[in-house]
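Here is the structure we will look at, set down as structure tokens.
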Amino acid sequence: MSAGTGRSLTAKTTPYLLSGPALLLFSCLLLVPLLLTAALSVSVFDDAIGVRNEFTLAHYAAVLTDEYYLGIFWRTFSVSAITTIICLLIGAPEAYVLSRMGSPWRSIFLVIVLAPLLVSVVVRAFGWSMLLSPTGLVNQWLALVGLGPVQILYTELAVIIALTHVMLPFMVIPVWTSLQTLDPDGERAALSLGATPFTVLRRVVLPQVLPGILSGSLMVFGLSASAFAIPGLLGGRRLKMVATVVYDEYLHELNWPLGAAIALTLLLANLVIMLTYNRVIEGAYRKSLG
Amino acid sequence: MSFLTLTGVSKAYGSVRVVADMNLSVERGEFVSLLGPSGCGKTTTLQMIAGFVEVTSGRISLDGREITHARPNSRGLGIVFQSYALFPHMTVSENVSFGLEMRRLPKAERRERLDAVLALVQLAPLAARYPRELSGGQRQRVALARALVIQPRVLLLDEPLSNLDAKLREEMQFELRQIQRTVGTTTVMVTHDQHEAMSISDRVVVMEAGRVTQIDDPQRLYEHPQTRFISTFVGKANLIRGRVQSAGPQGRVDLGAMTADVDAGDAAAGDEVFLSIRPERLSFVPPGQGQIDGVVRERFFLGSQWLYHVTTAVGELIVACPNDGRPPLEEARRTGVDWLSRLVQVLPAEAAGPDPQSGSRVGLS
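Those sequence lines, one after another, are chains A and B. With our numbering as the guide, the letters of the first sequence map in order to residues 1 to 290. With our numbering as the guide, the letters of the second sequence map in order to residues 291 to 655.
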């Protein structure tokens, strides 16, 4: 009897013991800093002495009413959304082509697709800034066809181009993974039933890779919205995105509470957008995707 | 001219010829099976008919029109895949009406044909289910309904029953045949299962290493296999090597330990031949009263019949006896083995095809 209860006790505690280390790490490295940031964001900031231990919602009020901050949030989310759409338009077909490739080429092209992940974001950002600068390669080409130098660097366009380049693997990999689970005979069956190749893609392939597209766009959007290095290096001093503003508040203005409030607002807004997107797409296909 | 004709069709990948010079005529409404071991080119042949595999040389024509290089989506064929290839994100009725949608049929007619075909395969109550909510047999019916609903000119079945368990497979064989008879669709089926091919086809095409070796109706194929390979692949057979002593209908073959009276057919005196005798054509008689004597080495109980391995002077023979309630022969028992001379098939030794292992192939499948 006692042996029985002893066993059931271990059976109950084993899952907790097994997940203990991960939970500990998670709470130390994520939950505690998050709570500290939250506490910081509702503290009063005094120009003379810095952070005071008094409660205030003034920072949030400032973030949510100031045109400057709202504009930065709007820019961040629109840049992320455009990046996500471009990644989707390039990455999903790319994954499909990859999955149809023959044996040696598929691995080679997969490595090429993943190669950006092997290079530091900072290095890649500098690479793009050289390419896009007024005397860079892109403007040299434009000059060849008679187009004057175009200001690309330090515009949203530069940020979007570089973000797309960095984020593409995060779209290709999930879509490619869900394409792997597809039965190639399904496409043949649709063809034999009289469907055109385009209809096969639209009616048979696309609905089945939707989970991959969904998780790919969530990753790309989330990572783009919180990207720091690329907007910092390619957006310049004037073109701010949320992550660079947070950095400024912390290190230049030394207004930590405001920086914390902006960071948490970004986190919440990101969460709301992603959950809504997930809900909408999955709701439409829940039944069929199972 | 036949309904579906393959003329000299070949498929080569580089220097490897997967299908070589295939000729086949299928009549309207006929049920033809392509039978052969894996890698014999039967599936490639089916895919060339379907248009998924490019033909290297030769012609395919359907209903008087050449379709050798036609696009798969213009051929109007119904295909049931081995994996069924149902669309997992569509319900049963969406799956089945996909082909009708592609043909832009008016909604009322779609509804009508959908209902008719679902009734035919007995799936009407499951129309709103998704494929993952169905059993293997039900999925198979959906695949069949999806292929039939477009009223295809030819129905192609690629190992349609191989993913079902044995009992269900047998039921589906008869059902498949019955449905095919009801709708009258010309059908070509690929299978490696000789029982399946024989029980439902009008004609069976045996393929070996990319070539057709015999095309016959199932009964003729079983009774008169033309090569040693077919005699062992289609059913079981005892193969005894010998040399023709005298040719002609009242011929004799020297088997070493004995001589057997046979209808030697085309074989000339002195030819190396194989005698092929089906296990169920052999019977036990008291020692000394049959064609040859032997000792029961092993016996297997198969329910409806007993299978004996009998060691004789001409090699080991397999004897199948119906389980008619009488006590079976004991192992190590001496017995006579008898057969009727006219039931012995003489096969030329050179047309033996790839040598399996020994003379007789023993299987309990």
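Idealized CB from N, CA, C, for every residue including glycine.
Cutoff 6 Å; reference residue i; Cβ partners in own chain excluding five residues on either side
i: L214(A); result: I281
i: V575(B); result: G626, D628
i: S178(A); result: V209, P211, G212
i: T477(B); result: F321, L445, Q470
i: K332(B); result: L324, G326, V480, M497
i: F55(A); result: V42
i: T10(A); result: none
i: L447(B); result: V370, M479
Cβ pair residue i, residue j closer than 8 Å
i: M497(B); j: C330(B); result: yes
i: V123(A); j: M171(A); result: no
i: Q635(B); j: H485(B); result: no
i: L451(B); j: Q468(B); result: no
i: V175(A); j: G91(A); result: yes
i: L545(B); j: R589(B); result: no
i: M548(B); j: V473(B); result: no
i: V444(B); j: L390(B); result: no
i: T76(A); j: M241(A); result: yes
i: V345(B); j: Q337(B); result: no
i: A247(B); j: E562(B); result: The first residue shown for chain B is 291 and the last is 655, placing residue 247(B) beyond what the model contains.
i: L98(A); j: L110(A); result: yes
i: R365(B); j: T358(B); result: no
i: V166(A); j: E187(A); result: no
i: D492(B); j: D507(B); result: yes
i: N363(B); j: A195(A); result: yes
i: L131(A); j: V121(A); result: no
i: L258(A); j: A39(A); result: no
i: T65(A); j: A263(A); result: no
i: R501(B); j: A310(B); result: yes
Cross-chain neighbours of residue i in chain B, by beta carbon under 7 Å
i: L191(A); result: P362, N363
i: A195(A); result: N363, M392
i: V204(A); result: F377
i: P207(A); result: H379
Under 7 Å from the C-beta of residue i: neighbouring residues of chain A
i: S373(B); result: D183, D185
i: G389(B); result: L193, G194
i: I357(B); result: What I357(B) touches in chain A: nothing, since even the nearest Cβ is about 13 Å away.
Own chain residues within Cβ distance below 8 Å of residue i, not counting five before or after
i: R651(B); result: Reliability fails at R651(B), whose pLDDT of 38 lies under 50, so the model's placement of it is uncertain and the value that follows must be treated cautiously. Cβ neighbours of R651(B) beyond the five flanking positions: T522, K526, A527, L529.
i: Q535(B); result: G541, R542, V543, D544, T549, A559
i: S224(A); result: V79, S80, T83, T84, L163, M167
Own chain, CB closer than 7 Å to residue i, minus 5 neighbours either side, in chain order
i: T676(B); result: Past the boundaries of the shown model lies residue 676(B); chain B is included only from 291 to 655, so the question cannot be answered.
i: T601(B); result: G584, V585, R587
i: D645(B); result: Residue confidence for D645(B) is low, a pLDDT of 42 falling below 50, so the modelled location carries little weight; the figure read from the coordinates is stated next. None.
i: G216(A); result: G91, F170, M171, P174, V175
Contacts that residue i makes with chain B (C-beta to C-beta distance below 8 Å)
i: T199(A); result: M392
i: R188(A); result: A340, F342, P362, I369, F371, A375
Proximal residues of chain A, C-beta to C-beta of residue i below 8 Å
i: L454(B); result: Those do not exist, as L454(B) stays about 17 Å from chain A at its closest Cβ, beyond 8 Å.
i: G440(B); result: As written in the sequence, residue 440(B) is Ile, which differs from the Gly given in the question. Here the neighbours are L193, G194.
Cross-chain neighbours of residue i in chain A, by beta carbon under 9 Å
i: L367(B); result: S192
Residues, ordered as in the chain, of the segment 241–263 of chain A that lie near chain B by beta-carbon distance below 8 Å:
none
Can you list, in chain order, the residues of the segment 111–131 of chain A whose Cβ is nearer than 8 Å to any Cβ on chain B?
Those residues of the segment 111–131 of chain A placed with their C-beta closer than 8 Å to a C-beta in chain B do not exist.
Can you list the beta strand (DSSP E) stretches of 3 or more residues lying completely in the segment 588–629 of chain B, in chain order?
595–602, 605–612, 624–628
Of all the beta strand (DSSP E) runs that stay within the bounds of the segment 25–81 of chain A, which reach a length of 3 or more residues?
43–46, 50–55
Let me know the beta strand (DSSP E) ranges lying completely inside the segment 457–501 of chain B, each 3 residues or longer, listed in chain order.
476–481, 493–498
Cβ-based contacts, 9 Å cut-off: residues of the segment 338–358 of chain B near chain A
A340, G341, F342
Output the residue ranges of the alpha helix (DSSP H) runs that lie fully inside the segment 407–454 of chain B and measure 4 residues or longer, sorted by chain position.
Segments of the alpha helix (DSSP H) lying fully in the segment 407–454 of chain B: 426–438.
Ignoring anything shorter than 4 residues, give me the alpha helix (DSSP H) runs that lie fully in the segment 328–367 of chain B, in order along the chain.
Listed in chain order, the alpha helix (DSSP H) runs fully inside the segment 328–367 of chain B are 332–340, counting runs of at least 4 residues.
Every unbroken beta strand (DSSP E) within the segment 546–583 of chain B, with a cutoff of 3 residues, ordered by chain
549–552, 562–567, 573–575
Residue ranges of each alpha helix (DSSP H) run of no fewer than 4 residues wholly in the segment 146–230 of chain A, ordered along the chain?
Complete alpha helix (DSSP H) runs here, min 4: 156–180, 184–192, 206–225.
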